[in-house]
Amino acid sequence: EPEVTQTPSHQVTQMGQEVILRCVPISNHLYFYWYRQILGQKVEFLVSFYNNEISEKSEIFDDQFSVERPDGSNFTLKIRSTKLEDSAMYFCASMAGSDTEAFFGQGTRLTVV
Amino acid sequence: AQSVTQLGSHVSVSEGALVLLRCNYSSSVPPYLFWYVQYPNQGLQLLLKYTSAATLVKGINGFEAEFKKSETSFHLTKPSAHMSDAAEYFCAVTPDYNQGGKLIFGQGTELSVKP
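First to last, the protein sequences are chains Z and B. So our numbering is basically just the index in the first sequence, starting at one, shifted up by 55. So our numbering is basically just the index in the second sequence, starting at one, shifted up by 258.
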């Protein structure tokens, strides 16, 4: 069964460092998302991406965040200068069409120290 | 603005007992509602979804949910809990189902199943 794959499963980084979280969506999917979940809190939407551009972003997704789909298969989330409060589980998701099910990856746990 | 509230961050039931996980939504437009499950160290998996068809929705693993507009609720039920149902459950809403829109999640309910 096709699945969304995220790497790494756990990343530890020092405050102020850049980090790139990687996702391989399901191959024929067109809509891509990043969500995050701070420990003990809700899963929060960060950004959606369609047709090679951001279609929507939340207020969390400030200038420190960026997304890319560099090669037609990977979908990356970059945090330029990490802060302690960026520590969270980050989930990637993809959808085949605008009215279909969102498939989620297993998440990357980011710890900023 | 759309929002979702899940009552109870932790629910514990005995194996074989009824599972009831509560979800209330707030939406100014007809909502599309979802239940996702997260098993330990795994991603979110769709259990079921309501998209304005039948109000009683059946999902995987014996779960079902009923959309009640008068109560703004979409509670998840299963007649008989199994040990393998232990997981975290998330209710979610999107106002933009046909537009590839984002999901807005509740805070999650952790279900424990006692032998």
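Yeah, the Cβ is synthetic: ideal placement off N, Cα and C, and Gly gets one too.
Hey, would you say Gly160 (chain Z) sits closer than 7 Å to Gln96 (chain Z), going by beta carbons? If you number the first sequence from 1, residue 160 (chain Z) lands on position 105. If you number the first sequence from 1, residue 96 (chain Z) lands on position 41. Gly160 (chain Z) places its beta carbon 7 Å or farther from that of Gln96 (chain Z).
Name, going along the chain, the residues of the segment 56-89 of chain Z whose beta-carbon falls closer than 9 Å to a beta-carbon of chain B. From the segment 56-89 of chain Z, only Glu58, Val59, Gln61, Ser64, Leu85, Tyr86, Tyr88 have a Cβ closer than 9 Å to chain B.
DSSP beta-bridge partners of Lys360 (chain B): Along the second sequence, read from residue 1 onward, the residue named residue 360 (chain B) stands at position 102. Bridge partners of Lys360 (chain B) according to DSSP: none are assigned.
Other residues of its chain near Thr137 (chain Z): CB distance less than 7 Å, five sequence neighbours each side excluded: Counting from one through the first sequence, the residue named residue 137 (chain Z) turns up at place 82. Excluding positions up to five away in sequence, the list reads Thr68, Met70, Gly71, Gln72, Val74, Val167.
Neighbourhood of Pro211 (chain B) by C-beta, 6 Å cutoff - its chain only, sequence neighbours within 5 removed: This structure leaves residue 211 (chain B) out entirely; chain B is present only between 259 and 373.
Any chain Z beta carbon closer than 7 Å to Phe332 (chain B): One-based indexing of the second sequence puts residue 332 (chain B) at position 74. Phe332 (chain B) does not count as touching chain Z.
Nearest neighbour of Phe158 (chain Z), chosen from Z:Pro63, Z:Glu140, Z:Ser64, Z:Ser82 [CA to CA]: On the first sequence, residue 158 (chain Z) is found 103 positions in, with the first residue counted as 1. It is Z:Ser82.
Proximal residues, the segment 157-168 of chain Z versus chain B, C-beta separation under 7 Å: Answer in chain order: Ala157, Phe159, Gly160, Gln161, Gly162.
In three-state DSSP terms, what is Glu58 (chain Z)? Stepping through the first sequence from its first residue, residue 58 (chain Z) is reached at position 3. Glu58 (chain Z): coil per DSSP, three-state reduction.
Is the CB-CB distance between Thr163 (chain Z) and Leu94 (chain Z) below 7 Å? Looking up residue 163 (chain Z) in the first sequence gives position 108. Looking up residue 94 (chain Z) in the first sequence gives position 39. Contact: no.
Closer than 7 Å by beta-carbon distance: list the chain B residues that pair up with Glu108 (chain Z), in chain order. For the purposes of this step, residue 108 (chain Z) is identified with residue 53 of the first sequence, where counting begins at 1. Correct list: empty, because the minimum Cβ distance to chain B is about 13 Å.
Host beta strand (DSSP E) of Phe292 (chain B) (start-end): For this step, residue 292 (chain B) is matched to residue 34 along the second sequence. That run of the beta strand (DSSP E) goes 290-296.
Proximal chain Z residues relative to Leu279 (chain B), where beta-carbon distance stays under 8 Å: Along the second sequence, read from residue 1 onward, the residue named residue 279 (chain B) stands at position 21. Here the premise fails: no neighbours, minimum Cβ distance about 15 Å.
When the Cα of Phe104 (chain Z) is compared with those of Z:Leu132, Z:Glu114, Z:Asp117, which residue comes out closest? Residue numbering aside, residue 104 (chain Z) sits at position 49 when the first sequence is read from its first letter. Checked all of Z:Leu132, Z:Glu114, Z:Asp117; the closest Cα to Phe104 (chain Z) is Z:Leu132.
Using the beta-carbon of each residue, which ones in chain B are nearer than 7 Å to Val98 (chain Z)? Position 43 of the first sequence, counted from the start, is the residue given in the question as residue 98 (chain Z). The contacting residues are Phe348, Phe363.
Buried or exposed: which applies to Val315 (chain B), given that a residue is buried once 16 or more other Cβ atoms fall within 10 Å of its Cβ? Counting from 1 along the second sequence, the entry for residue 315 (chain B) is found at position 57. Within a 10 Å sphere around the beta-carbon of Val315 (chain B) sit 16 or more other beta-carbons, which makes this residue buried.
Please report how far the alpha carbon of Leu85 (chain Z) lies from the alpha carbon of Cys147 (chain Z), in whole angstroms. Working through the first sequence from its first residue, we reach residue 85 (chain Z) at position 30. Working through the first sequence from its first residue, we reach residue 147 (chain Z) at position 92. Per the coordinates, the alpha-carbon of Leu85 (chain Z) lies some 13 Å from the alpha-carbon of Cys147 (chain Z).
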